[in-house]
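Chains as they are written, first to last, in this note's numbering: chain Y, 1 to 132; chain P, 1001 to 1132; chain Z, 2001 to 2132; chain D, 3001 to 3132; chain X, 4001 to 4132; chain F, 5001 to 5132.
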C-alpha cells in the first residue's frame, strides 16, 4: 500500500460543553497542524499516489473554510463539540467529497483511503481514518 | 476509525544481556518519549474518543511508576531485556488494565484499540499495538 | 554562557485590530508552544543553571494565568494587540518578576538573562530576549 | 503487533516527466528523511523485534547505494519517475531482499511486515507498506 | 530584543568542487528548510516585529527564485560552491534588499537584524546572521 | 556571522546529589540529542564554515567517549553532578581541544565560537556557548 501526506495548519477559536472539558469549557483557541494522508494500492500512470501540489492546494482550501474563525459561531457546527477528533473527520469528509468531484484529478479516483490527523499541541493529537 | 494520542516522557537506566546489544550491554540510560494512542470506531456522547486531560493523567501515572529508576533493579523486570519494544508493551498493558478498571471513565469502555510508541532518540523508536 | 530551556503550551482565543492582520482581525485562536530559556555565565553550587523541575513549575503557573481564555476579555490586555511577539514579552516579564521574588530559589539570583519563544505553528514563531 | 523504526537520510538530484509536476520537471533535488519500520507479532529470544544497530546499518547501506547521486543517470531508474512514493518502495524492497538473505540475522526471519516513509520536506512525505 | 521567524522550503540540485566534499562532489540535491528571523528592539505601532503574513510572502518569493533548479546552471552561482551556509547568506541578503526597498512595509524599516537558517537534514543545518 | 550545526545522540546512566533533584537523585538515565554549532565571521576557501562530514565525525568521537556508560562510574566525573548543562560544556570543551589540535582541518582554525546544546527530552534542553 502506498500513501502520501501533506501538512497545513489552522487557527480557530471555540469552546466545549460538558464537565469533562474543565477549563476548556471557556472560549479558547488552538492551532491545529493538519496532516492529510491519501492511500492507494498501486501508483497511477505518473508513478505517484496523487500530485503533492494538488493535494496541498485542496487541503489548503478545506482548511481556509474554517481558518481564523470562532467555530462556536459557525452554523454548521451549532450544538456540536468541535473536538480535535471531530474536526479531523470534518476535514477528511470534505476532502473525500472533493476527490469524488474530481478536484484531485481523474487519477485520484484510484485512491482507496484517507486519514486526517490534527495536532493540537506537541503533546496531543487526533486522527480520523476512512475509506474512499 | 478515530484516535487520540497523548505524549509524556520517561528517564531510566538499564542494561541488556546478549551479544547482539554490543556496548548497550553496559549500564546506560534513555529518555523515552511515550506516545499513547487510543482508538474507537465512533465518538462518545461528548463527541470525543476519550478526554485528553484524563488520558494524559493516566499515562503520567503509568510513566511515573518507572520514571527515574534503574530498571535492572526492578523485581518485575528481573531477567528481562527491557528493550524499547518490550517497554512499549508494558506501558500499553498497564494502560489497558486501567481502562478496564474505569480509570478513563465509563465512556472509555468504547475504546477498541491502543498503540504505545517509545522514541529512544531522534533516529529510533518502537511501538506495540493491541486490542482492548 | 550556560542556559537551560523548558517547554510548555498555551491555548487561547483572541483577535487583532489593524488592516495588516487581514483575516486574523476575526476572533480566532492559537496553540502557543512556550519555550523559556534561562541564562547565566557560571553554574550554581549544584552544577546547574536552575532546577529544570522548578523552572517547569513556574513556567506552568505563568502559562496557566492565560490558558483556556479569550485574551480579548482580559482587562490587562484591553486595547492591546496580543501578538505572538508581545505575548513572548508578557511571559518573559512575568517569569522575571517571579525570579526576582525568589520563586526559582536563591541560586536563581545568579541568572543574567531570559528568552521566551512562542511557536504559533510549525512555520512561524516569535521571541523576546531580556536581561535580568 | 510490535515494530521498531530507524531513520537515515538521503540527498539526491532528479527530474520528473509529466505536466502534473509543473516546475519539478526541471532538474532539482531533495533530502529524504528515510524511516524504515520492521514489524512482527512476537518478540525474538533477545526480547526485540530486530537489533536497532543492525537495522540502522542495513538501512544505511541501502541508502548509500542512492546517496549523492542524480537519479536521472542511474540505469536502474531509466524512464521512471523517481517520485517519493516510488522511492519508498525501492528502499522497502531492497531491505526485504536483505532480510531474506539473512543480513538482519536469523531472528529477523520472524519479521512479517515493513513500512518505509520518505519525508521530502516538513510538509510532505510518502510511505510504502508491504508484507515479508 | 524581539524577533519573529517564518519557515519555507526549497528543493535544488547542485554539486561541490573540492576534495573535502567527498561524494558530494557528484551532482546531488537537497531539501532546505529555510527559517528567516527578523529582529528589532521595539515593536511597531501594530505591536508586532513585522507582519508574519508579509514576511512569509517575501520569503516565499526569495525561495521561488531558486526553487526546483540545478544551482550549477545558474549564472549568478558560476564557479561558487553553493554550500548550505553560503545559501543562507544569499537568502538573507536578498531579504535585506527587499526590506530596504520597502517590501515588508514602512514599519519594517525599524528592523535591525536578520538571521537565516537552512536545514539540509534532521542532523545538519547552517545559519547566517547580519545587521540591517 | 556564519555557523553550521551537526546533531548526534548519547545514551547514559547517572544520578544526582542534592535535594533539589528530587527523584533524579536515584540512578536513572537519559538520551541526549547533542547539537554542536561552529561559528566564524567569514567562510573558508571552500566556501564553508567547516566540513559537515568532518564535524559530524569529530562530534561522533566525542560522544562515543561517554556513550552507553554510567557516568557515576567515570573517574573524570567523580563527585560531580553531570547535569545537562555541565555535559554541554564537557562536549564543547572536548570539541574545542580537537579543533585546536587540527582535527577539523587547518581551515577550522578560523572558527571563533562554539555552542553545544543537549536535549534531554522534548520539553527540556541546555546549552553552553564559548569562544575559540
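Note that beta-carbon positions come from the ideal geometry of N, C-alpha and C, so glycine has one too. Quick caveat, the model's predicted, so the values are computed rather than measured.
| Query | Result |
| --- | --- |
| Closer than 9 Å to chain X by CB, residue 3074 (chain D) | no |
| Chain-ordered neighbours of residue 3018 (chain D) on chain Y, where CB pairs are closer than 7 Å | 46 |
| Residues of the stretch 4019-4032 of chain X whose Cβ lies closer than 7 Å to any Cβ of chain D, in chain order | 4023, 4024, 4026, 4027, 4028, 4029, 4030, 4031 |
| Which residues DSSP lists as bridging residue 1036 (chain P), in chain order | P:1006, P:1116 |
| Top-ranked residue by Cα proximity to residue 1006 (chain P), from Y:131, Y:121, Y:36, Y:102 | Y:121 |
| Cα-Cα separation, residue 3081 (chain D) to residue 46 (chain Y) | 7 Å |
| Nearest-angstrom Cβ-Cβ length linking residue 13 (chain Y) and residue 2027 (chain Z), presumed shorter than 8 Å | 5 Å |
| 9 Å Cβ cutoff met for residue 4087 (chain X) and residue 4111 (chain X) | no |
| Straight-line gap, residue 3039 (chain D) to residue 3048 (chain D) (C-alpha atoms, nearest Å) | 11 Å |
| Interface residues of the stretch 1105-1124 of chain P facing chain F [CB-CB below 8 Å] | 1120, 1121, 1122, 1123 |
| Candidates P:1077, P:1031, P:1098, P:1072, of which the one nearest residue 1061 (chain P) by Cα | P:1098 |
| Three-way DSSP call (helix, strand, coil) for residue 4094 (chain X) in this model | helix |
| Proximity of residue 50 (chain Y) and residue 96 (chain Y) at Cβ, strictly below 9 Å | no |
| Proximal residues to residue 2041 (chain Z) (C-beta, below 8 Å), its chain only, five neighbours per side dropped | 2001, 2002, 2112 |
| For residue 5013 (chain F), the residue or residues it bridges with in DSSP | F:5029, F:5070 |
| Whether residue 4066 (chain X) touches residue 4114 (chain X) by CB criterion (9 Å) | no |
| Whole-number beta carbon distance between residue 5116 (chain F) and residue 5078 (chain F), since they are thought to touch under 8 Å | That pair is no contact at about 22 Å. |
| Pairwise C-alpha distance: residue 4132 (chain X) and residue 4008 (chain X) | 21 Å |
| Through-space distance from residue 3055 (chain D) to residue 2063 (chain Z), alpha-carbon basis | 42 Å |
| Option in P:1058, P:1070, P:1124 with minimal Cα separation from residue 1102 (chain P) | P:1058 |
| Residues that residue 5130 (chain F) bridges to, as DSSP identifies them | F:5114 |
| Secondary structure of residue 3064 (chain D), DSSP reduced to three states | helix |
| DSSP bridge partner residues for residue 4121 (chain X) (one or two, in chain order) | X:4124 |
| Backbone secondary structure at residue 1019 (chain P) - three-state DSSP | helix |
| Beta-carbon proximity check, residue 2084 (chain Z) vs residue 2036 (chain Z), cutoff 9 Å | no |
| Neighbour flag for residue 1070 (chain P) against chain D, beta carbons, 9 Å | no |
| Proximity to residue 3029 (chain D) [Cα-Cα], best of D:3094, D:3044, D:3072, D:3020 | D:3072 |
| Reduced DSSP category for residue 1100 (chain P) - H, G, I as helix; E, B as strand; rest coil | helix |
| Chain Y contact for residue 1011 (chain P) (CB, 9 Å cutoff) | no |
| Any chain X beta carbon closer than 9 Å to residue 3007 (chain D) | yes |
| Whole-angstrom distance between residue 4069 (chain X) and residue 4075 (chain X), CA atom to CA atom | 12 Å |
| Closest Cα partner of residue 1044 (chain P) within the set P:1031, P:1130, P:1105 | P:1105 |
| Three-way DSSP call (helix, strand, coil) for residue 78 (chain Y) in this model | coil |
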